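Below: one structure, written as structure tokens.
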Amino acid sequence: MHSLILVVFPLLAGLAVLFLKEAPARRLAVVTVALEALFAIVLAALFGRGDTVHYALDLPWVPAWGISFRLGLDGISLVLVLLTVLVTPVALLLAARNPATRTPVFYALVLAVETGLLGVFAARDAIVFYLFWELALVPVYFIAAIWGGEKRVAVTLKFFIYTVVGSLLMLFGILYVYFYTLLPHSFSLEAFYTASLPGDAAIWLFACFFAAFAVKMPVFPFHTWQSDTYHEAPAAGTVLLAALMAKMGAYGAMRWLLPVLPDGMHAWQWVVLALSLIGVVWGSIIALTQKDMKRLLAWSSFAHTGLIAAGIFSLSFAGLQGAVVQMAAHGIAIAALFLVVDIVETRTGSRAIGQVGGLAHRAPLLAVVFMFALLSAIGLPLTAGFVGEFQLLYGVAQQGLAWALPGLVGVVLGAVYMLQWFRKTMLGDAPAGSPAFAPTGVETTVLVSSAALLVFFGVWPKWLMDWSGPAVDALVQLVAWK
Amino acid sequence: MKNLLVVLIPLLPLLGFAVSGLFGKRLGKSATGLLASGMVLLSFLCAAALAMLHFRTGDSAIVVNLFSWIRMPGLSIPMGLLVDPLSLMMVFVVTGIGFLIHVYSIGYMHDDDGVARFFSYLNLFTFFMLVLVLADNFAVLFIGWEGVGLCSYLLIGFWFKNHAFNGAAVKAFVVNRIGDAGFLLGLFLMAMTFGSLSFAEVFSRAASFGSGAPAITLITLFLFIGASGKSAQIPLYTWLPDAMAGPTPVSALIHAATMVTAGVYLVIRSNALYALAPLTMAIIAAVGLATAIWAGLIALSQRDIKKVLAYSTVSQLGFMFLALGMGAWSTGFFHVFTHAFFKALLFLGAGSVIHALSGEQDIRRMGGLRKALPVTYATMLAGTLAIAGIPPFAGFFSKDEIFAKVFEHAPALWAIALAGAFVTSFYMFRLFFLVFHGEFRGDATAKHHLHESPKVMTAPLVVLALGALGAGFAGLPEIFGAPHWISDFLAPVTGRGESHLSHATEWMLMGASVATGLLALLFAWVRYGVKGRVPAEDASVTGVARWSLGKFFIDELYDRAIVKPLFRFSAWIHDVLDRRGLDGAVGAIAGISPWLGQQVRLLQTGNTAFYLFAMALGVFLILFVATLR
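Chains A and B are the protein sequences, given in the same order.
Residue numbering for the first sequence follows this note's numbering, starting at 160 and increasing by one per position.
Residue numbering for the second sequence follows this note's numbering, starting at 151 and increasing by one per position.
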């Protein structure tokens, strides 16, 4: 029951938000995400050890077809649930900061996305998973298409088509696997894990599932929607996309691709590993010359996600756990960085790199938290980003040391483009007479707590590891098993 | 009790960082300076207490496991600290010399607005450096390793209004990152080979591998890539001279005495691995010697007082690696030890000169400063004599020991190294005479301003000068009949090196290096002391000297061969491959369905006869296909 409340509460609150005026709507939305965060933290605190699924729920839905409302959290889900409930408030904050997006509809959409994400991370039934998967997508589409920049229509259409094509292929794959589950047929995760597929079906089915997840993360070469969409979407939408929705893809691959189609996974391993690592180098190199802060972060995210994907497809414990840790680290850091970008843009009127400079003089605190998020993004030890990156690279290296090389190119180039960005924006001399500014109280709270979390989990990753360890271990067994 | 002391050593500077970082502005300038210096002094005292309590009894090591940091099946990394003779000596160097530099900074940074920030960074650096040397496994060492790199970045770009300084800071970080990528590869291969990153386990498991085992050769090479980034060796040395953009105490602490020796420390720490990798050792010796000579040649014609010292640091680090390449671990450390004193002294002395000249760093605008800056003069003389290897100053003993080891293994390399020693002595005395002798070459206002630095700055100089004079006695040559205290103390970590040279040879080698140093001194004295030559204007420099002045144009080479093409490649990959290529292809695929729609729409002609024809054709086709089955 806990997981059901956790998942649907934001959606219900969102429906109520629709009928309110802006101010009460905002209050209700804030209270909702706050309660949701609190609830998730309590669930995490009470989370037992072992690989069993906690807070499990099984409500029959369409018994004849083996569809049930199955929810539950294992360690991997838990980390992503925590990330979701911590980042959604940031998206809400960004929405409320911007006059254009300060509307009840927008808040309701953000809350709907939260439900979609939590549902994806908690679903243990393929149909439920698919529904939440789409539920998370549609509101983001509206957010980008209604409140986006000039080219929003063309860009979001591209985004929408991309993801829908991926989703439909996945739906086809789900239905196909369903008919090969043991009798009585069922859409439950366990049934999918034990399905006996005919012949080489796993090989092409892999491509169907992979398409959906690869578009969402994205993995090279399914990424061409990404930088445009991040660029056009309003800040709140970009944060949802970069910090959370990209994780849906990676999570989906871990839960519904690797263990369901281990044969396909092994057959395709070298291809998808190579694609992921090409993405690391591709994104890192392109990020070097980006002029727009949001585009820079888009390409940097692409590179980071590439490494996460590579860790997953390394099928090693280190790589898979590194993916979980890095999803948390990247989610927090990227949300903080997009908030920094939005603060810079609203206060100086520009987010073009090189147009604003010397902000460290005008807003010292902003420069400090920016530095913390940056350091985690480039994987400095004692930040969460290092732990994730170290595990990912180590996992990839277990497939052969040379596989780690593209990842290390990303490590080096990441330092180049992030530090150049910091230098051009924060350092240097401020133009004479430019006023000092400080982030508001709420902004400061968000930024400082992000920095604190990144350092905390860099020094004490033990919780992330204890939570995710048994689940990752079970996953490794499943992939090796069939 | 002992464990608490071990933990306090790095923790106190971290506390200092937190306090001066958070409350520095409220505490005021002098209070932050005192706090930061006090924390480092307390660390030093903790280490001293530990040495008293523990190492007198002859025990060898203390291991403190704080908590489990990263844990996976097959690889468990604790946050562990290790105190053994090697790390204890490093702690003394870092906190002892670090303390003096902190004190000096109180005076040097007195008029700067960012004092609190400066001291918080300096304390943070000390914390990471102590983590580096106290780590009991390679991963924790890497925490310190990258942490000091971060502090180096922050402090090089300390005056962040200056765009060029920020550029130098980024360059330092990125070049080090290239080395760190190598380091990480080494860690991964190590973890996969030994299933552990702890020093004790890795070294004991490595013993079962034969000498020259490929895995160990690769691991040691990867680690050496990291070492050559941090310790500024060919081809990754170019960041260090640029790092002189930072305030001078930073150059003394980070870019001379401590951080840049981390690479040397890493190799000494891993000597059990390196001893099994003869190929790597040969490469280290070659890189070290080449760097020593190369940087020395560049130092010959630099005009910036700090640049001369920077290249001299690169060169001295080269000599240290040369020693390591010979397997002379404790010898390499001995030079780290003496170098820390005299190079910190030289930098702080240079800082005192720069302070007196209100920021002037060009030695062509100096000269005759010995009268105005008597303490700086005397202490700088001690430092210069030490680096030139004139007995009984510290550099003589350590350098002589390196040369003896090189001669023992490879006399040809010894001859080249001796030439390097000549160059060293020459450029250092060139600097010394140009700065302190002759007539003052600055303008009248500058001359009027000349003043000796305050006591808070000269006192550290005097202490360091005593070190530059006396530190060598910690390692007297065997022929003097006295115990070699350093190598005895380090023996549990490095083993005991044996010398097979006869006493006559040793005397000959010693005589040769002293004579070389004195000869170079003499040349420099005639040229710059007697004749009063001053370096020419840049434009008039030609021939070989131009290459030396231009630093062999390596920066330009890297810029044209790597940096610029990379950025052009970035734009090309984005505009052509990604946007036009991939995104274009996606657009084309997406365009198929509207195009198909367009085509199909044309069939809707409204002509009933055509519809009937199409229907009949369809039925026919279906039947045709069905009969084929």
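The beta carbon of each residue, even a glycine, is placed where N, CA and C say it ideally should be.
Because the structure is a prediction, the values reported are computed rather than measured.
- The continuous stretches of beta strand (DSSP E) do not include arginine 506(A), which lies in the alpha helix (DSSP H) extending over residues 476-507.
- Taking a 10 Å sphere around the C-beta of tryptophan 745(B), we find fewer than 16 other C-beta atoms and assign the residue as exposed.
- C-alpha of leucine 155(B) to C-alpha of valine 213(B): approximately 12 Å in a straight line.
- Boundaries of the beta strand (DSSP E) around leucine 231(B): 225-233.
- Residue-level contact check: leucine 436(A) does not touch chain B, since none of the beta carbons of chain B fall below 7 Å from its beta carbon.
- Secondary structure of alanine 267(A) (DSSP, three-state): helix.
- Chain order gives the chain B residues near isoleucine 445(A) as Ser720, Ile723, His724, Asp728, where near means a beta carbon separation below 8 Å.
- Here DSSP, grouped into helix, strand and coil, assigns arginine 229(A) to strand.
- Nearest to isoleucine 437(A) by C-alpha distance, out of Thr388(A), Lys317(A), Trp562(A), Leu417(A), is Trp562(A).
- Chain order gives no chain A residues near arginine 176(B), where near means a beta carbon separation below 8 Å; the closest approach is about 14 Å.
- Distance from the CA of alanine 331(B) to the CA of leucine 525(A), rounded to the nearest whole angstrom, comes to 30 Å.
- Residue burial annotation: valine 694(B) is exposed, with fewer than 16 other C-beta atoms found within 10 angstroms of its C-beta.
- Judged by DSSP in its simplified three-state form, arginine 208(A) adopts coil rather than helix or strand.
- At a cut-off of 7 Å between beta-carbon atoms, alanine 574(A) makes contact with chain B.
- The three-state secondary structure of aspartate 262(B), taken from DSSP, is coil.
- Within the segment 567-640 of chain A, the alpha helix (DSSP H) runs of at least 4 residues that lie entirely inside it are, in chain order, 600-618, 621-640.
- Taking CB atoms only, methionine 413(A) has no neighbour in chain B less than 7 Å away.
- Counting the other CB atoms within 10 Å of its CB gives serine 420(B) a total of 16 or more, which places it among the buried residues.
- Only residues of its own chain outside the window of five on either side were considered, and among them Ser170, Gly174, Val265, Ala266, Phe269 have a CB closer than 7 Å to the CB of threonine 182(B), listed in chain order.
- Among the residues facing chain B, leucine 290(A) is not included, as its CB has no counterpart in that chain under 7 Å away.
- A Cβ-Cβ distance of about 6 Å is found for the pair alanine 282(A) and leucine 230(A), placing them in contact under the 8 Å criterion.
- Taking every protein chain shown into account, the CB of threonine 574(B) has 16 or more other CB atoms within 10 angstroms, so this residue is buried.
- Between the alpha carbons of proline 540(A) and valine 410(B) lies a gap of roughly 19 Å.
- Less than 7 Å separates the beta-carbon of alanine 289(B) from that of isoleucine 227(B).
- Sorting Asp550(B), Gly645(B), Ile772(B), Leu531(B) by C-alpha distance to the C-alpha of glycine 539(B) places Asp550(B) at the top.
- Per DSSP, the beta-bridge partners of leucine 218(A) are Phe228(A).
- By the criterion of at least three beta-carbon pairs nearer than 8 Å, the segment 475-491 of chain A is in contact with the segment 625-632 of chain A.
- The beta carbon of alanine 435(B) lies closer than 6 Å to those of Leu472, Gly475 in the same chain, with the five residues before and after it left out.
- Residue state for leucine 659(B) is assigned as helix, using DSSP reduced to three classes.
- In this chain, the beta strand (DSSP E) harbouring phenylalanine 217(B) covers 212-222.
- Taking a C-beta distance under 7 Å as the contact criterion, leucine 611(B) and threonine 529(B) qualify as a contact pair.
- A residue is called buried once 16 or more other Cβ atoms fall within 10 Å of its Cβ, and tyrosine 678(B) is buried on that count.
- With contacts defined as CB atoms closer than 7 Å, histidine 601(B) and alanine 478(B) fail to qualify as a contacting pair.
- Within chain B, the residues Met222 have their CB atoms less than 7 Å from the CB of glutamine 480(A), given in chain order.
- By the Cβ-count criterion, lysine 597(B) is exposed, with fewer than 16 other Cβ atoms from all chains shown falling within 10 Å of its own Cβ.
- In the DSSP assignment, threonine 595(B) falls within the alpha helix (DSSP H) that extends over 594-599.
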